[in-house]
Structure formats: structure tokens, C-alpha cells
Amino acid sequence: MGNQLRRPTYIILISNMKVATFNQIMVLGLLVVLVATGCVNKRREGVTPLPGREPGIVGSQGPNEAMPPREASGGGRLGSDSGVEGSNLPVNEEGNIANAPLPLFENRPVDYETFEEHTVYFDFDSSVVNTTEVWKIRAVADYLQNAPGNDLVIEGHCDERGTEEYNRALGERRAQAVREFLSNLGISPARIRTMSYGEDDPAVEGTTEAAYAKNRRAVFGLLFPAQE
Amino acid sequence: MSNLIFPMRLRCVISCFLLLTTGIPAYGQQTLEVTRPADSTQTIPVHISGLTGQAASAVKFDLEIQGFDVVEEENAQYLVRGTSQGNVEGRLIHKGSGETLISKSYKGGSLRMQAHAFSDEIVLTTTGIGGIASTLIAFKADPGKAKEVYVSDYDGYNAVQVTQDNTIAAAPQWVPGQKQLVYTSYLRNNPDIYIHNLLTGERRIIARYSGSNISPSVSPDGKKVAMILSKEGSPDLFVANIDGSNLVQLTQTRESESSPCWSPDGTQICFVSRMSGRPALYTISPTGGPLRNIRTAGISNPTEPCWSPDGKTIAFTALMKGFNICTVPAEGGTAEVLVGGEDPSWAPNSRTLIFTSRRENKRVLSLLDVPTKRVKDVHQLSMSCSQPSWAR
């Protein structure tokens with residue numbers, strides 16, 4: 058491949074325009090709710106959210122272009138205009154923040170108890186962070202701000218009403234949505250690791266709506282410094 | 081599906097291949113006109129006699145899942161006569177003409193494998209399409225708390241546990257034409273993608289990036305692997321060499337991509353993306369370029385696609401009320417629901433699917449003959465099993 062980039066001139070066929078319209082209405086409705094409750098205006102001192110991205114509104118909008126093939130080891134804009142300290146992970150045009158290398162997270166004890174009450178729950182087939190869950194992510198952000206030696210792992214899970222590999226990807230998207238939210242709250246995304254268990258590790262067995270709701274989640278694990 | 085009459089030269093090649101696999105001289109093959117049903121949705125009635133025990137049950141199972149009905153002699157179109165004392169000896173007789181189409185003695189391997197070789201011969205002779213009775217599947221199973229990768233005969237016999245990682249090993253896929261698998265394992269506390277040589281037992285990690293490395297699928301020529309990696313901030317479609325080098329990102333969206341599979345000519349990768357807001361099928365060239373939406377008219381939420389070896393059909397799971405196995409022409413179009421179930425994988429004959437059914441307390445593998453819609457569970461596997469992959 059070398060360094061050649063192909064200019065993207067593609068058109069993506071969106072298969073269901075009604076869904077796109079529905080999404081726009083939902084997003085507008087959510088925006089109205091957020092403005093009304095004042096959530097949008099609450100910002101941490103000295104932190105600017107990534108441009109074009111308000112916390113709590115995460116979803117697919119607008120055309121998504123196919124990526125021209127390129128070496129995956131670099132490229133993309135740096136997220137330096139976010140005001141986030143210590144984050145030099147590439148952020149691409151879509152707003153996705155690349156992950157920090159895995160070795161940074163290896164051999165580190167994990168504590169799942171500290172944030173046991175802060176598990177983030179999701180709607181069916183969605184990785185959108187609900188407003189009802191935002192306080193939990195803020196609490197985790199506050200903790201991490203005051204614990205610079207600690208980092209975080211976010212583990213995404215699904216209920217069993219999706220197919221297995223679809224769910225494995227969805228669980229990851231959920232974990233990364235929460236990571237993005239934390240990044241917008243000023244936590245360096247380089248401190249946050251994500252992984253997905255799909256539907257393989259439910260919190261609650263069962264086929265009731267209540268059980269399903271408990272399984273659609275992102276779980277926080279507090280990482281301590283690496284052990285030798 | 082058309083029934084092709086194999087030319088004589090190809091019959092010789094196939095006979096020689098079977099000779100090598102069964103280890104006995106082939107005789108009894110003449111140039112014969114055999115009446116084949118014009119329409120593969122019609123079953124072929126056969127009568128089986130003489131075979132006993134495992135050989136009999138294997139031949140019956142093999143034929144029933146490939147579009148045959150085992151009936152009384154007076155209603156049969158073909159007669160399957162054999163013995164299985166020590167080794168399988170079998171004949172296939174066209175009842176109408178009285179002609180003997182197959183007359184063979186099998187040796188080597190087990191009695192079941194000889195019976196499978198015999199039923200493969202029956203299927204080939206009567207339909208012109210190769211049988212699938214001697215093929216292998218890989219799948220994920222729950223032997224206890226952990227989930228591990230297994231390999232077995234297509235009918236669930238002779239299951240062998242491939243991983244002992246004592247965590248989660250998932251989504252096995254075959255390297256085409258080889259006794260190698262790719263799969264995801266959480267052995268090293270991360271979903272990583274492995275390639276595993278079943279003959280030597282050796283395996284290597286081919287993707288261990290930060291985030292999740294999942295859903296590997298190997299190209300038909302065995303040289304490339306498509307995967308879903310979240311290293312760039314969202315689960316995206318990537319392609320690399322089979323050893324994991326030369327990684328190239330093919331999609332970059334705000335939503336997740338999942339479940340890549342290859343066209344049999346290797347020119348396209350079909351996958352699922354939620355980029356439009358709900359799951360849909362797309363294709364892209366493995367060297368990058370425009371995405372093409374594969375329409376599944378009439379069916380919503382397609383996931384877990386699998387491209388038939390003959391290139392004509394994509395099977396997938398629709399997330400509707402429950403899961404449904406569906407097919408759609410490979411270029412897109414009107415999709416059809418076949419049966420309840422999920423995660424289909426095509427047999428080499430582009431006619432049979434293996435898939436997962438969810439039952440009360442476990443998952444089972446089931447076989448589907450697409451033209452006749454006949455379903456048979458793979459009862460031989462007693463564990464909870466899912467994510468089957470049929471070796472090509």
C-alpha cells in the first residue's frame with residue numbers, strides 16, 4: 058500500500074431512510090430534554106468537549122464514508138484541541154478515539170468493587186449513553202481525576218437477543234461509548250482500556266425483560282499500577 | 081439449484097479422489113444415464129437394506145439430510161444394499177432399470193467413515209453433486225463454565241476439543257482447504273485472534289490490539305484474514321495477511337461493524353454494519369473502496385452473513401421476533417426466511433446449512449437442507465453448542 062491514499066469519492070447507500078429520519082427526531086428530542094434539564098451546560102472548569110460532540114448525544118448521523126486503505130499504525134488528527142491532558146491518541150474524522158497500546162494495561166490488578174454501583178446500562182441494540190446513566194460516568198471521572206496513578210478498564214456486555222458476533226461488537230461499542238463520554242469529561246482516553254464479552258458473561262441468567270436489562274451493560278474495573 | 085451431469089473425465093477424477101480416501105480400487109462405474117429430479121426441492125426416495133448398526137444409521141442420516149427419503153422398497157427409486165460386518169460393502173441399484181450403479185467394498189478408517197464414503201458416492205451418482213458426509217465442522221461449546229472450540233464430523237460424531245483455555249474461546253472459522261482454524265480467545269485476558277494448526281497443535285496470535293479483536297474470517301485462498309478490531313475507537317472492518325501483518329483498515333464509522341465473510345472468488349468481503357442506524361449487509365473489496373449495500377428486501381436486521389461456496393447466495397440471521405435463518409441472492413434482492421435459528425454456515429455443496437437453535441436450557445446445532453427445508457438436529461453433541469463453521 059505504501060503511503061498512497063485514495064481520495065474518498067464514494068456514496069454510501071443508506072438502506073432505510075425512515076430510520077435516519079427517526080434517529081434525527083430522537084436526537085432532537087434528546088437535545089431538547091438535555092437543554093431543558095441543564096445537562097448540556099454543565100461543564101467541568103477548563104475542559105472543552107471534543108468539537109461537534111455533546112455528552113449524552115452519541116449516535117450515527119450523516120453519511121459515513123468508507124475509509125481509504127492506509128497503514129493502521131498512524132494517521133488522523135491528534136485530539137489536541139480537546140484540551141484533554143496527556144492524550145495524543147489519534148482521533149479520526151468520525152470522532153472515534155484510537156485505543157492506547159495494550160501493554161500499558163497488562164499485568165495490572167483490577168478492582169471491580171469500587172465502581173460496582175456504577176455499571177452503566179443500555180437500551181436494547183443500542184450503544185447510546187442514556188441520560189439516566191450519566192451520573193455514574195461523572196462519578197467515575199471524578200474518582201479518576203483524583204487518582205492519577207489508576208486507570209480504567211470498561212467491559213461491554215449484551216443481552217442474548219442478538220447474534221453472538223454481532224453482540225461481541227455491540228458490547229465493544231458500548232464500552233467505547235462510555236470511554237468517549239469520560240474523555241469528554243476530561244479523563245484522558247489513554248487511561249481507558251475497553252473490551253467486550255458479547256453475551257457470553259451475563260450478570261443475570263434468564264429470559265425475562267428484567268434479566269435482559271441487567272445484562273446490557275458496561276462494567277468499570279479500576280486498574281492499579283502494574284505489578285512486576 | 082441445477083443438477084449437473086458430470087462429464088466422464090471429471091467422474092474419473094472424483095473416482096480417483098475417492099480411491100485415495102477410501103483406499104480401495106474403484107470399479108463398477110460405467111457411463112450411465114441416470115434419472116435425476118429436475119427440481120432439487122423434490123426428494124429422492126431410496127430403500128436401504130442389509131446395513132446394520134452405525135453404518136446403517138450413518139447412511140440414513142447422511143441421505144436424509146441431503147434430500148433423500150428412506151422408504152419401503154416398492155416406493156423407492158434407488159435401492160441401497162450393503163453389508164457392514166467388519167467393513168462396509170455397498171451397492172446402489174436403479175430400481176427401474178435394475179442397473180447397478182455402485183458396487184464397492186470399503187476399507188480403512190472406521191465403519192462410520194466407510195459408511196459416509198458410501199453415502200457420498202450415492203449422492204454423487206444420483207445428483208451429480210458431491211456429498212458432504214465426510215466433512216468436518218468447528219464450533220463453540222460449553223463443556224462447563226468455560227467456552228471452548230471443538231471440531232467434529234459434520235454429524236457431531238468424533239468431537240475433539242481444540243482449546244483448553246478455560247475462559248472463552250469463540251467464533252471458530254476454518255482456513256479454507258487446510259486443517260487450521262482461526263478463532264478468538266480470551267486466554268490472555270483480552271479477546272485476541274489466534275490461528276491454530278490442528279495437525280501440529282501449534283497456534284499463534286495474529287491480532288492482539290488494544291480493545292477487542294473478534295470475528296476472524298479467512299479468504300478463500302487462505303492468504304488473508306478479515307477481522308473486526310476496535311483499536312481505532314470503534315469496531316471496524318480490517319484485513320491483514322494470514323499472519324496478521326500488513327494490517328489495513330477498511331471501514332471507519334461511528335457504529336459497529338461485525339461478522340465479515342468472503343465471497344468464494346475472494347474479491348469481496350460481506351459484513352454487517354450499523355452505520356445506517358440498524359444492522360444491514362454491505363460488501364467491500366479487500367483492497368478498499370466503496371461500500372455496497374446488499375439489499376435484503378422484506379427482511380430487517382440481517383446479521384452473521386455466510387457466502388455460499390458457489391457464490392450465488394448469502395445466508396444470514398435476521399433479528400426479527402426471534403432469530404431466523406434467511407437467504408438472499410448474493411447481489412442483493414428479495415430475502416427469504418427458511419427456518420428459525422441463527423448463525424448459518426454453508427456446506428461445500430452450497431445446499432446444506434448448519435446453524436444454531438436455542439432450546440430451553442441449551443443451544444444445539446442443526447442441519448438444514450435448503451431446497452427441501454428438512455431440518456435435522458446434531459443430536460450426537462450433548463453439550464450446549466453454537467457458532468458452527470463448516471470446513472471447505
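Sequence order for the protein chains is A and B.
Quick note: the first sequence uses the numbering used here, first residue 58, plus one each step.
Quick note: the second sequence uses the numbering used here, first residue 81, plus one each step.
Cβ coordinates follow ideal geometry from the N, Cα and C atoms, glycine included.
At a cut-off of 9 Å, the C-beta of Y178(A) has no neighbouring C-beta in chain B.
Shown here, I374(B) sits in a strand according to DSSP, grouped into three states. M400(B) is classed as exposed because its beta carbon has fewer than 16 other beta carbons within 10 Å across all chains shown. In summary, the residues of the segment 246–268 of chain A whose CB is separated from some CB of chain B by less than 9 Å are P246, R250, T251, M252, S253, Y254, G255, D257, D258, in the order they occur in the chain.
Under the rule that a run must span 3 or more residues, no beta strand (DSSP E) segment is found entirely inside the segment 182–209 of chain A. Excluding residues up to 5 positions away in sequence, I286 lie with their Cβ nearer than 7 Å to the Cβ of D323(B) in the same chain. Against chain B, the CB of Q233(A) has a partner CB under 9 Å away; the residue lies at that interface.
In the structure shown, Y269(A) falls within a helical segment according to DSSP collapsed to helix, strand and coil. When only Cα atoms are considered, E173(A) and L216(B) end up about 44 Å apart. Closest in C-alpha terms to S129(B), from the list G236(B), E153(B), G189(B), T121(B), comes E153(B).
A straight-line Cα-Cα distance of about 21 Å links T264(A) and S253(A).
For D423(B), a Cβ of chain A is located within less than 9 Å of the residue's own Cβ. Put simply, the CB of A157(A) is near chain B, with a gap under 9 Å to one of its CB atoms.
Spatial neighbours of Y269(A) in its own chain (CB-CB distance under 7 Å, excluding positions within 5 residues in sequence) are listed in chain order as D216, R218. Here V139(B) is not bridged, per DSSP, to any residue.
A straight-line Cα-Cα distance of about 9 Å links E262(A) and N272(A). Within chain B, the residues S336 have their CB atoms less than 7 Å from the CB of L227(A), given in chain order. Around the CB of S469(B), 16 or more other CB atoms lie within 10 Å, so the residue is classed as buried. Listed along chain B are E312, G313, Q332, each with a C-beta nearer than 8 Å to that of N149(A). For R161(B), no Cβ of chain A is located within less than 9 Å of the residue's own Cβ. Residues of the segment 281–311 of chain B that bring their beta carbon within less than 9 Å of a beta carbon in chain A comprise R288, Y289, S290, G291, S292, I294, S295, I308, L309, S310, K311, in sequence order. Straight through space, the alpha carbons of I248(B) and L461(B) are spaced by roughly 19 Å.
Beta-bridge pairing by DSSP links E212(A) to M252(A), V276(A).
Checking the DSSP bridge columns, you'll see I364(B) partnered with I349(B). For G391(B), same chain residues with a beta-carbon under 7 Å away, outside a window of 5 residues either side, are S343, P344, D345, A410 in chain order. The three-state reading of DSSP puts R284(B) in strand, counting E and B together. For Q467(B), the closest Cβ of chain A is nearer than 9 Å. If you check the CB distance, G243(A) and E229(A) do not come in under 9 Å. Shortest Cα-Cα distance from F219(B) to any of V276(A), V148(A), E221(A), T251(A) involves E221(A).
Look at R439(B): its C-beta is not under 9 Å from any C-beta on chain A. The shortest CA-to-CA distance from L309(B) to any of E337(B), E282(B), G302(B), P300(B) is the one to E337(B). Per DSSP, reduced to three states, the secondary structure at M355(B) is coil, with no helix or strand assignment. Taking CB atoms only, D182(A) has a neighbour in chain B less than 9 Å away. Chain-ordered listing is empty here: chain B has no CB closer than 9 Å to the CB of Y169(A), the nearest sitting near 14 Å. Listed in chain order, the alpha helix (DSSP H) elements of length 4 or more contained wholly in the segment 222–301 of chain B amount to none. DSSP places T397(B) in the uninterrupted beta strand (DSSP E) bounded by 393–400.
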